[in-house]
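Just so we're aligned, residue 9 is where the sequence shown starts under our numbering, counting upward by one. Cβ coordinates follow ideal geometry from the N, Cα and C atoms, glycine included. Owing to the predicted nature of the structure, the values given are computational and were not obtained by experimental measurement. See below for the structure under consideration.
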Amino acid sequence: MKVEGLVFQKTPYKERDMIVHLLTRKGQKTSLYVYGGQGGGKSKKGSLLELGHMLSFVLQKSKGIYNNSDQKPLSIAKVDQVNWAPKYIRNDYRAFMLSQFFLEVIQKLALSETDDIDFNEHEGIFNVLSNALYYLDKAVEGQNVDYMTHLLLFFTKLIHHLGIAPNYEECQFCQKILGEDELCLLDISNGGFSCLECTSKMDEYLSDNRQLSEEYQAGRRYKQAFQKFSLEPYKNYLNFPSTSVGLVRISFNFLNYQFGFAEGDYRTWKLLFE
Numbered sequence: 009m010k011v012e013g014l015v016f017q018k019t020p021y022k023e024r025d026m027i028v029h030l031l032t033r034k035g036q037k038t039s040l041y042v043y044g045g046q047g048g049g050k051s052k053k054g055s056l057l058e059l060g061h062m063l064s065f066v067l068q069k070s071k072g073i074y075n076n077s078d079q080k081p082l083s084i085a086k087v088d089q090v091n092w093a094p095k096y097i098r099n100d101y102r103a104f105m106l107s108q109f110f111l112e113v114i115q116k117l118a119l120s121e122t123d124d125i126d127f128n129e130h131e132g133i134f135n136v137l138s139n140a141l142y143y144l145d146k147a148v149e150g151q152n153v154d155y156m157t158h159l160l161l162f163f164t165k166l167i168h169h170l171g172i173a174p175n176y177e178e179c180q181f182c183q184k185i186l187g188e189d190e191l192c193l194l195d196i197s198n199g200g201f202s203c204l205e206c207t208s209k210m211d212e213y214l215s216d217n218r219q220l221s222e223e224y225q226a227g228r229r230y231k232q233a234f235q236k237f238s239l240e241p242y243k244n245y246l247n248f249p250s251t252s253v254g255l256v257r258i259s260f261n262f263l264n265y266q267f268g269f270a271e272g273d274y275r276t277w278k279l280l281f282e
């Protein structure tokens, strides 16, 4: 039996072994125990278990291994082949850190594997991660990397495939159709956009608030960006407009709110802005 997936985390175990954590094509997390996975030994061979690599494994027939952190036995596996590996990301520090952030987000959000063979609800998560890594590598190769655009594209596609996308077509309160250039606010707690009229009715002082005016404009820009980024295929990344850190943070905050995470829960987030 074979297992295929993207490596998002690895844990050295004993002297030369490795516990590797994968995102499978079903969009689920699974962990495997690989003897000699760290490389080395008499042949001084290197390890194939690199983060962001797409690998195929052959499961061994022997009994599983228990480790101290989990009561479930880990399947013993051997690397069959490397199906894909980034060639250029490591040549660009910011792109490399961006790829590590992608992997950390998936580690937090993806569900563990299930015995239900028909479970494919989260296949889109695998597609988002694989596309994010592939096209980031292509961008580095072409020396044309817009880091914030790649980050917003990743967030938007992920939010869309997780089924938590805000409704950008109408106001969440009055159901009025929101025009493309209409001012609006993103209500993260309710997961939707509200029009100027509905927000003003809730607080008569809001219309005179300068800061809120800026938030309306940011809401409009985010609505426009979310619509475009969610509908366009990943391969058209060169056609996406440059985006701002502000829009990226809006999307990041939206995603975190839905799952109860905070910015400080991520090791790699702050490294993106160094």
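Looking at K80, L255, Y101, G44, the one whose alpha-carbon comes closest to that of F163 is L255. Separation of K69 and W92 (C-alpha to C-alpha, rounded to the nearest whole angstrom) is 26 Å. Around the beta carbon of C179, 16 or more other beta carbons lie within 10 angstroms, which makes this residue buried. The alpha-carbon separation between Y43 and K80 amounts to approximately 18 Å. Leaving aside the five residues that flank R102 on each side, the residues in its chain whose CB is nearer than 6 Å to its CB run, in chain order, Y155.
Rounded to the nearest whole angstrom, the CA to CA distance from K278 to G13 is 27 Å.
By DSSP's assignment, G200 forms a beta bridge with N175, D195. Our two residues, S259 and L117, have alpha carbons roughly 15 Å apart in a direct line. In the same chain as E149, and ignoring 5 residues on each side of it, the C-beta atoms closer than 8 Å to its own belong to K95, Y96, in chain order. Ranked by Cα distance from S250, the options L161, C206, E188, G200 are led by L161. Contact between I167 and L263 holds: CB atoms are separated by about 6 Å, below the 8 Å threshold. Contact between F134 and R33 is confirmed by a C-beta separation of about 5 Å, below the 8 Å threshold. Here DSSP, grouped into helix, strand and coil, assigns Q36 to strand.
The continuous alpha helix (DSSP H) containing F110 extends over residues 101-117.
Every alpha helix (DSSP H) of 4 residues or more that sits fully in the stretch 205-268 is shown, in chain order, as 218-239, 253-267. For M156, the three-state secondary structure derived from DSSP is helix.
In chain order, Y274, R275, T276 place their CB closer than 7 Å to the CB of E112, counting only its own chain and leaving out the 5 sequence neighbours on each side. Secondary structure at F65: strand, using DSSP grouped into helix, strand and coil. For A270, same chain residues with a beta-carbon under 7 Å away, outside a window of 5 residues either side, are N264 in chain order. Between the alpha carbons of L67 and D88 lies a gap of roughly 10 Å. Distance between F104 and F181, taken at the CA atoms: about 42 Å. A straight line joining the alpha-carbon of L220 with that of N99 spans about 42 Å. For Y143, the enclosing alpha helix (DSSP H) begins and ends at 131-149.
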